Every structure is written in structure tokens, then in C-alpha cells.
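Adding 8 to a residue's 1-based position in the sequence shown gives its number in the working numbering. Just so you know, even glycine gets a beta-carbon here, dropped at the ideal spot from N, CA and C. These figures come from a predicted structure and were not determined experimentally.
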Amino acid sequence: MKEHLAKKGHPVLFSLMLGIVLTLLVSVASAAASIMELDDTGIRFAQACAFFLMAVIVTVYMSRSSRPRGSYGFKRFEGAKEKRALYYIPLLVIALLQPAMAGINTKLSWVEVGSILLLTVCVGFTEETIFRGIIREKLRFKGPVFYIVFSSVFFGILHMANALNGTDLIHIVLQVINALLLGCILALLIETTDNIIPLIAFHFIYDALAMVCNENLDQEILVVSLLNILYLLYGIYLIAVLLRRNKAQSLSM
């Protein structure tokens, strides 16, 4: 009965709509900022407004839903008491890799840094709530494998616009792979830990540090290549954890 009700709500179409609406809002904000001839800081503020609007929309949706917040992954996190906290250690390495190799751009003004922090906070909350929260809850009846594949590919496709800003084929290909693998890692993590809060924090920190780094195309290619290797190894580990857990649950039944 529950599965029938879940299917009746067109969960796949609803999930696609959420991602597309977010992309359209950000695109409109970016286009408006360009028409107004705003600088990079102004564009970031405009994009932050779009993400904030979508954040309000998804928060209202969850508040009016009959499902508890925990079903979307918003649960109390006590890292010191949870063995699952160890799963997040590789995220710290991933977040710190780019600034460690490229260095921090110390020429950024406080206004620029503020715009970066505002944008990345909004991005982290909104994207994780949509892709690892609401979409996962909507597609739960289809099982974790379908959700992981669907959300990874969808997340990667919507982030390919960033990759197309590259100046050469190698850079573009690596960025596309990066987007797909990162989406897969985050989907695997939410299935492994069932807690979205650390993922929101990681998404914010990862994006913020990446945006305050020095720009160097040659260095960026090396960093993205290393990140893709880390994602692949991390993904294999998380898949092994999930398979081992499912096997243990099957034996206990």
C-alpha cells in the first residue's frame, strides 16, 4: 500500500522538477547579474539569492510534509559517540586538498570573502537538502541502488555547466568525472550514515575553500585528477561497507 502511494506521487518526475527549478533559478539570477554588468562579487550575491529562495521553498515543503525531519536525514549528530563519524574523515582530506596544493588567494577583499561564504552556505544547504534529503525520501521505495545511481547522474548532469567553462578537453572531461563521482560519494554517504548534517557542512566547506584558492589551470588539472582518484577509492570503500551491512542484515533475519 505504501509503495503504491509513493508511486502515485510521480516521485521521479518530482525529483527531476526540483533539480530543474533550482537550475533555472540560478540561471536567471546569473543572467540578470550579467545584464546589470555586476562584477564577480555581485554575481555571487545574485546566485546566493536564488539558492536562498530555493532553500526557503524546500524548507516549507519539508515543514508541511507528513514525514518527520529525520526521514530527510536531519538528525542529531554526536560525532564523538558514533563510529559512523569515521566515515567522514576522507571528506576532510578531500576538502583540504585543493587549498593545500593551490594556496589561498590572500588578495580577496572582505566583501568578496563574505559573498563566497554566503553563496556556499546557501549552496550546501539547498543542494544537500534536495539531492540527499528530499529526493532520497521520495525514491526510498525504489531501493538504495536506484537512488544512488539516479541522484549521482542527475547531480553530475546539473553540475556539468561548471565543467564546460574549461578551456581544454582534458579539463572538461576531468570536471565532468569529478561532478559524477562527487554526487556518487555523497549519495553513498547518506545511505551509509543516514545523516545529512555532516554532508551539508562538507559541501559548504568544500565549495568555500575551492573558491578562495589561487587560480591555476595546470594546478587545477592535477588537483581534480587527485580528487577523482580519492573519490573512486572512497566510493569503493563505502560500497563495501554497504554490501557488508546488507549481508549481515540478511544473515540475522
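Item to check | Other residues of its chain near G27: CB distance less than 7 Å, five sequence neighbours each side excluded | outcome: I138, F162, L166
Item to check | Distance between Y96 and V131 (C-alpha atoms, nearest Å) | outcome: 20 Å
Checklist entry - At which residues does the alpha helix (DSSP H) containing P206 begin and terminate? => result 205 to 219
Checklist entry - Can we count V131 as close to the ligand NAD, meaning its CB is less than 7 Å from some heavy atom? => result No copy of the ligand NAD appears in this structure; indeed no ligand is present at all.
Next on the checklist: Using a 10 Å radius around the Cβ and a threshold of 16 neighbouring Cβ atoms, would you call G141 buried or exposed?
Outcome noted: buried
Next on the checklist: Going by C-alpha to C-alpha distance, which of V20, L251, E136, C57 sits closest to S35?
Outcome noted: C57
Item to check | Of the listed residues F133, M168, L250, nearest to Y214 (C-alpha basis) | outcome: F133
Item to check | A187 versus N222 - alpha carbon distance | outcome: 21 Å
Next on the checklist: So if DSSP puts I112 in a beta bridge, which residue, or which two residues, is it bridged to?
Outcome noted: C221
Checklist entry - By how many angstroms is the C-alpha of A216 removed from the C-alpha of F22? => result 29 Å
Next on the checklist: At the level of alpha carbons, what is the spacing between N203 and E120?
Outcome noted: 31 Å
Checklist entry - What is the C-beta distance between I229 and L182, in whole angstroms, given that I count them as a contact (C-beta under 8 Å)? => result 6 Å
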